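Residue numbers (my numbering): 4 to 189.
Positions of the beta carbon are idealized from the N, C-alpha and C atoms, including for glycine.
This one's a predicted model, so the numbers in the text were calculated from it and none came from an experiment.
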Amino acid sequence: MVIQLKRTAHIVTSARSLPASRSLRRWLKHLFYVSMRSEYFSTQDREQITHAVQQAELGHSGEIQVVIEARLPSHLAYRYTTYNRACQLFAELGVWDTALNSGVLLYLNLCERRVELLFDRGLQQAASQEVWDQICNQMIELIQQEQYLKAIQIGVEQIGKILQYFYAQQSTVTNLNELADEPILL
Numbered sequence: 004m005v006i007q008l009k010r011t012a013h014i015v016t017s018a019r020s021l022p023a024s025r026s027l028r029r030w031l032k033h034l035f036y037v038s039m040r041s042e043y044f045s046t047q048d049r050e051q052i053t054h055a056v057q058q059a060e061l062g063h064s065g066e067i068q069v070v071i072e073a074r075l076p077s078h079l080a081y082r083y084t085t086y087n088r089a090c091q092l093f094a095e096l097g098v099w100d101t102a103l104n105s106g107v108l109l110y111l112n113l114c115e116r117r118v119e120l121l122f123d124r125g126l127q128q129a130a131s132q133e134v135w136d137q138i139c140n141q142m143i144e145l146i147q148q149e150q151y152l153k154a155i156q157i158g159v160e161q162i163g164k165i166l167q168y169f170y171a172q173q174s175t176v177t178n179l180n181e182l183a184d185e186p187i188l189l
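If you want it as structure tokens, here you go:
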């Protein structure tokens with residue numbers, strides 16, 4: 004499913020749908036979720052993710068921002084889904100504000116084990132819905148097997164291939180690094 008967000012971004016997700024209504028159960032789950040991010044992503048893992056993003060961004064003007072969030076902040080968990088949070092971060096981090104509208108946000112919520120991919124309007128025709136769904140499904144399968152690092156690396160690599168193919172004809176454009184390559188851990 005592709006959902007338009009103020010004509011600037013689109014989202015792709017293939018995880019099970021969450022209820023749109025407010026949920027005390029979800030809020031409690033996020034409130035009491037204790038995540039030792041270091042048990043999921045060591046310093047070396049974060050460096051490997053950074054390297055994967057750098058490699059995926061070579062040779063084109065597309066930008067990838069990886070955000071890993073242990074849980075939704077308690078003041079948001081009652082009324083926000085991971086989709087809402089990804090939309091918020093897409094805007095706050097300026098992923099929508101790249102020169103060629105070529106930003107992609109890869110958002111992983113550890114508490115819910117959900118992946119959200121948001122991409123800017125410049126990438127509307129970059130790939131079919133099936134391709135984006137396949138990326139999400141591959142990542143979700145690996146996350147269910149608790150292979151978090153591999154899931155992110157594969158997701159970043161696949162997004163990089165889409166960006167490389169889509170922006171190959173624009174190779175004369177200077178390859179500016181507009182977004183940080185390091186994953187953001189929240």
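Cut-off 8 Å between Cβ atoms - residues of its own chain near residue i, not counting five sequence neighbours on either side
| i | result |
| --- | --- |
| R49 | E185, P186 and L188 |
| E60 | E66, I67, G163, L166, N178, N180 and D184 |
Contact under 8 Å by Cβ, residue i with residue j
| i | j | result |
| --- | --- | --- |
| I138 | L120 | yes |
| I157 | Q147 | no |
| L113 | V98 | no |
Top-ranked residue by Cα proximity to residue i, from the options
| i | options | result |
| --- | --- | --- |
| G65 | R124, A94, E149 and L145 | R124 |
| E115 | Y83, V159, F44 and L182 | Y83 |
| E160 | Q47, T46 and I52 | I52 |
| H78 | S26, E133 and L182 | S26 |
Sequence-distant residues of the same chain with beta carbon closer than 6 Å to residue i, five excluded per side
| i | result |
| --- | --- |
| S24 | Its pLDDT being 48, under 50, S24 is placed unreliably by the model, and nothing is read from it. |
| L111 | I71 and V118 |
| H63 | L166, Q167 and Y170 |
| R10 | Its pLDDT being 39, under 50, R10 is placed unreliably in this model, and the coordinates cannot settle the point. |
| L92 | V70 |
| V56 | I67, V159 and D184 |
Using 8 Å as the cut-off, can you tell me whether the region 124-139 makes contact with the region 156-172, which would need three or more C-beta pairs spanning the two stretches below that distance? Touching, per the Cβ criterion.
In chain order, which alpha helix (DSSP H) runs of at least 4 residues are fully inside the region 118-176? Correct list: 132-147 and 151-170.
Would you mind listing the alpha helix (DSSP H) stretches within the region 33-106 that are 4+ residues and don't spill past its ends, in chain order? 40-43, 46-59, 77-80 and 85-95
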